[in-house]
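Student: This is the structure I have questions about; it appears just below.
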Amino acid sequence: MNKSSAAEIVSEIRKLLLERAFSNACGSAAPGPFREREKLVDLFISKTILFSNSSDGAVDRWIKERLCRANLQSEIAPLNAIDQWQVDAATGNIAHASGRFFSIIGLTVRHRTKQGELAWDQPVIDQPEYGILGILAKKFDGVLHFLLQAKEEPGNINSVQLSPTVQATYSNYTQTHGGKLPMYLEHFLDPPLEQILFAKLQSEDGGRFLYKSNRNMIVAVNGEMPPLQDGFIWLTLRQISDLMSRDNVVNACTRSILSAVL
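In my numbering, the protein residues as written are 40 to 301.
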């Protein structure tokens with residue numbers, strides 16, 4: 040099937056689904072704002088249709104290639120050998136010399152239960168800044184696709200996993216570390232309201248982080264975009280859902296964002 044035919048079929052499917060969404064069993068207008076019904080139909084099509092910008096086979100080959108090209112290496116090292124990180128003599132906290140990024144602090148925890156009070160001590164990550172976890176969405180031949188990146192991180196199993204379009208802390212996107220701005224960041228800093236498919240503050244793992252939250256976002260883009268940066272790929276929700284069933288392919292941040300629409 041060529042792309043023109045696929046686009047026509049998708050258009051007809053979308054039209055039929057919208058007609059059904061606009062009427063209830065009695066034939067009267069269904070409640071709810073127009074844009075929300077359109078969004079639900081677009082998400083349903085992306086979850087179910089076999090057509091995609093890249094075939095499933097091409098996606099598998101792309102992932103395999105990214106794994107083969109991984110060049111990030113990490114090894115366990117003593118904390119006192121880590122440049123710019125130090126243990127505070129007074130508090131015992133582990134922090135960066137700049138005071139930015141995050142620190143490791145101690146907590147004393149008490150928890151009341153029916154059986155009595157539990158108490159324990161534990162370290163926790165203190166990072167008093169929220170991050171942006173954002174995924175771009177765009178239609179190809181009428182089918183909504185989502186932009187993921189093959190991201191290398193030092194603690195990853197397999198080194199490379201599929202992460203959101205942007206996965207950045209405040210320190211990242213203010214370039215505290217002296218690195219480059221995350222690619223596609225501009226789409227998430229102040230997007231027009233009509234382009235936001237989802238945006239909520241979500242808590243980070245409370246067992247490991249202290250009062251940490253991220254702004255989870257899905258932002259739609261219209262019109263032409265420049266050629267994709269290296270390491271990025273457009274996938275439908277069906278394709279992403281299939282990849283989620285595999286071990287160590289889709290990272291936790293991507294899963295967290297897309298849980299709102301899958």
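Backbone N, C-alpha and C define an ideal beta-carbon position, used for all residues, glycine too.
From a predicted model like this one, the values you see are computed outputs, not experimental measurements.
Whole angstroms are fine: how far does the CA of Ala158 sit from the CA of Pro266?
Tutor: As a first step, residue 266 must be located in the sequence shown, where it is residue number 227. As a first step, residue 158 must be located in the sequence shown, where it is residue number 119. Distance between the alpha carbons of Pro266 and Ala158 is about 54 angstroms.
Student: Taking the alpha-carbon of Leu249 as reference, which of Leu183, Gln234, Lys178 and Pro167 has the nearest alpha-carbon?
Tutor: Here residue 249 refers to the residue found at position 210 when the sequence shown is read from its first residue. With distances taken between Cα atoms, Leu249 lies closest to Pro167.
Student: Can the beta-carbon of Leu146 be found closer than 7 angstroms to that of Ser85?
Tutor: Numbered from 1 along the sequence shown, position 107 holds the residue referred to as residue 146. Numbered from 1 along the sequence shown, position 46 holds the residue referred to as residue 85. Taking 7 angstroms as the Cβ cut-off, Leu146 and Ser85 do not qualify as a contacting pair.
Student: By a C-beta neighbour count over all protein chains shown, 10 Å radius and 16 as the cutoff for buried, is Ala291 buried or exposed?
Tutor: Along the sequence shown, read from residue 1 onward, the residue named residue 291 stands at position 252. It is exposed - the Cβ of Ala291 has fewer than 16 other Cβ atoms within 10 Å.
Student: Could you tell me which residues DSSP puts in a beta bridge with Met256?
Tutor: What you label residue 256 is simply residue 217 of the sequence shown in a count that begins at 1. DSSP output for Met256 lists Gly173 and Ala238 as bridge partner(s).
Student: Please identify the residue among Leu232, Ile279, Asp281 and His135 whose C-alpha is closest to the C-alpha of Val260.
Tutor: Working through the sequence shown from its first residue, we reach residue 260 at position 221. Checking every option, the nearest Cα to that of Val260 belongs to Leu232.
Student: Kindly indicate which three-state DSSP category Phe141 falls into: helix, strand or coil?
Tutor: Along the sequence shown, read from residue 1 onward, the residue named residue 141 stands at position 102. Coil at Phe141, not helix or strand.
Student: Alpha carbon to alpha carbon, how far is Asn110 from His150?
Tutor: Sequence index remark: in the sequence shown, residue 110 carries index 71 (1-based). Sequence index remark: in the sequence shown, residue 150 carries index 111 (1-based). About 44 angstroms.
Student: Identify which residue in Cys107, Thr293 and Gln112 has its Cα closest to the Cα of Pro203.
Tutor: Here residue 203 refers to the residue found at position 164 when the sequence shown is read from its first residue. That would be Thr293, whose Cα lies nearest to the Cα of Pro203.
Student: Grab the span of the beta strand (DSSP E) containing Phe227 for me, first residue to last.
Tutor: Position 188 of the sequence shown, counted from the start, is the residue given in the question as residue 227. Not the beta strand (DSSP E): Phe227 falls in the alpha helix (DSSP H), residues Glu225 to Leu228.
Student: Roughly how many whole angstroms lie between the Cα atoms of Leu384 and Ile235?
Tutor: The question about residue 384 has no answer, for the chain in this structure spans 40 to 301.
Student: Following the continuous alpha helix (DSSP H) through Ile102, name the residue where it begins and the one where it ends.
Tutor: To locate residue 102, count along the sequence shown from 1; it is residue 63. Per DSSP, the unbroken alpha helix (DSSP H) holding Ile102 starts and ends at Asp95 to Arg108.
Student: Take Trp124 and list the residues in its own chain whose beta-carbon comes closer than 8 angstroms to its own, dropping the five residues that flank it on each side.
Tutor: Numbered from its first residue, the sequence shown carries residue 124 at position 85. Once the five neighbours on either side are set aside, the close Cβ partners of Trp124 are Leu118, Ile133, Ala134, His135 and Ala136.
Student: Taking the alpha-carbon positions, what's the Arg53 to Ile144 distance?
Tutor: Against the sequence shown, residue 53 aligns to sequence position 14. Against the sequence shown, residue 144 aligns to sequence position 105. Between Arg53 and Ile144, the C-alpha separation is close to 52 angstroms.
Student: Does DSSP classify Arg285 as helix, strand or coil?
Tutor: Here residue 285 refers to the residue found at position 246 when the sequence shown is read from its first residue. Looking at Arg285 - three-state DSSP - the assignment turns out to be coil, as it is neither helix nor strand.
Student: Taking only the alpha-carbon atoms, compute the straight-line gap between Ile296 and Val205 and give it to the nearest angstrom.
Tutor: Taking the sequence shown and counting its residues from 1, the one referred to as residue 296 is at position 257. Taking the sequence shown and counting its residues from 1, the one referred to as residue 205 is at position 166. Their backbone Cα atoms lie some 11 angstroms apart in a straight line.
Student: Just to confirm my understanding: we take Ile174, look at its own chain, exclude 5 residues before and 5 after, and list those with CB closer than 6 angstroms. What are they?
Tutor: By 1-based counting over the sequence shown, the position of residue 174 is 135. Cβ within range, chain order: Phe185, Pro203, Thr204, Ile257 and Ile296.
Student: Which residues does DSSP pair with Val205 in a beta bridge?
Tutor: The residue labelled residue 205 in the question sits at position 166 within the sequence shown. Beta-bridge pairing links Val205 to Gly173.
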